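See structure below.
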Amino acid sequence: MEYPDHPLIASLSTMPKTKVLITVTAYPLPSRSYDELVCTAGVREDGSWVRIYPVPFKFLEFKKYQWVELDLQGPRQKDFRPESHSPTKPDLSDIVVVGDLGTKYNWEDRKKFCLQEVYTNMTKLIDDSKEPTNKSLATFKPAEIIDLIVEPDDKDWKKDWLDQLLQLDMFTSGNGQKPREPIRKVPFKFKYHFKDESGRESKMMIEDWEIGALYWNCLRDAEGDNNIAVQKVKQKYFNDLALTKEVYLFLGTTSEGHRRRWSNPFVIVGVFYPPKIIQTRLSL
1 MEYPDHPLIA
11 SLSTMPKTKV
21 LITVTAYPLP
31 SRSYDELVCT
41 AGVREDGSWV
51 RIYPVPFKFL
61 EFKKYQWVEL
71 DLQGPRQKDF
81 RPESHSPTKP
91 DLSDIVVVGD
101 LGTKYNWEDR
111 KKFCLQEVYT
121 NMTKLIDDSK
131 EPTNKSLATF
141 KPAEIIDLIV
151 EPDDKDWKKD
161 WLDQLLQLDM
171 FTSGNGQKPR
181 EPIRKVPFKF
191 KYHFKDESGR
201 ESKMMIEDWE
211 IGALYWNCLR
221 DAEGDNNIAV
231 QKVKQKYFND
241 LALTKEVYLF
251 LGTTSEGHRR
261 RWSNPFVIVG
271 VFYPPKIIQT
281 RLSL
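Under the numbering used here, the first residue of the sequence shown carries the number 1, and numbering increases by one thereafter.
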């Protein structure tokens, strides 16, 4: 029996959607649900962070620094991190783009929302990731970026992930669907080595979709030469961004690292790089 006029039902049906400025899209991973899933995050209008997971691969159709509205539920079950939420509709059929922020005036509009709370001390941030705060997303300003470290990684996804995708193909082959190739795995780990205001050094993986996509574009332009592709990535993320831009890092904890209370549960989930503002001295 339905009660369309019940006040509780009416209030639930008219609850406002959550408005989020997309700032983070991590590189997709195959999942146990036989699909690629993307962890994304952003900030609300008050600057508070929200993590949205899981979302399907098609979320990459949406661009960074777009305002979107969607229904969220959470915090997510089995995820104690206060910023974590799940979309009410897993297929994102209710998501609406309601605006975007450009880069004019040295990224002024983006800074207004992304830089409302900025950490400069890793010890302080890690302390805040502990009970009772459990902070798991933050904007961080390094005092110095020392290097971009590149390490070889596995060329292929784990066998159990690939087996899951094969099972999906077996179940769907009779429905006229073509076998689906999993998203390519980046065969390198890219890490920033940086210092905070106290001189504490950290080396953190960059798990942003942007650096993975850059690698594949560079590999294509280099006609498959990995050495050239890697050098081009380093040219962009170190010689260009780290040395010439005002770099901030969007940091997020991994679920496992946060749950097990690793000494540093954070990874880099996004890089924010407005141009440096050159202060000129006024002559008297």
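Each residue gets a CB set at the ideal place from its N, CA and C atoms; glycine is no exception.
Keep in mind it's a predicted model, so treat the numbers as computed, not measured.
- Cβ contact annotation for Thr254 (same chain, cutoff 7 Å, sequence separation greater than five): Pro265 and Val267, in chain order.
- With contacts defined by Cβ atoms closer than 9 Å, Arg44 and Thr18 form a contacting pair.
- Going by DSSP, Gln116 is part of no alpha helix (DSSP H) at all; its letter is neither H nor E.
- Here DSSP, grouped into helix, strand and coil, assigns Trp67 to strand.
- For the pair Asp221 and Asn227, the Cα-to-Cα distance works out to about 12 Å.
- Asp100 places its beta carbon less than 9 Å from that of Lys63.
- In this structure, the CA atom of His258 is about 15 Å from the CA atom of Met205.
- CA-CA distance, Ile211 to Asp79, rounds to 27 Å.
- Looking from the CA of Pro132, the closest CA among Ala242, Val97, Arg261 and Cys114 belongs to Arg261.
- Counting the other CB atoms within 10 Å of its CB gives Ile277 a total below 16, which places it among the exposed residues.
- For the set Val96, Pro90 and Leu115, the Cα lying nearest the Cα of Thr23 is the one of Leu115.
- Val271 sits close to Phe250, with the two beta carbons spaced by under 9 Å.
- Collapsing the DSSP output to three states places Lys236 in a helix.
- If you look at Arg51, you'll find it in the beta strand (DSSP E) that goes Trp49 to Pro56.
- The beta carbon of His193 lies closer than 6 Å to those of Ile146, Asp147, Ile149 and Lys203 in the same chain, with the five residues before and after it left out.
- Just measuring C-alpha positions, the residue of Asp128, Tyr65 and Phe113 sitting nearest Tyr119 is Asp128.
- Bounds of any beta strand (DSSP E) do not take in Ser263, whose DSSP letter is neither H nor E.
- Annotation for Asp128: no beta strand (DSSP E) segment contains it, though the alpha helix (DSSP H) segment containing it runs Met122 to Asp128.
- Per DSSP, reduced to three states, the secondary structure at Lys19 is strand.
- Glu69 and Gly47 have their alpha carbons spaced roughly 15 Å apart.
- Put simply, the backbone Cα of Gln66 is about 10 Å away from that of Arg110.
- Val98 sits in a strand when the DSSP states are folded into three classes.
- Leaving aside the five residues that flank Lys135 on each side, the residues in its chain whose CB is nearer than 6 Å to its CB run, in chain order, Asp128 and Ser129.
- For Lys236, the closest of Asn217, Gly252, Gly224 and Glu223 by C-alpha to C-alpha distance is Asn217.
- Excluding the 5 residues flanking it on each side, Arg184 has same chain C-beta neighbours closer than 8 Å at Trp216, in chain order.
- Under the DSSP assignment, Ile146 falls outside any alpha helix (DSSP H), being part of the beta strand (DSSP E) whose first and last residues are Glu144 to Pro152.
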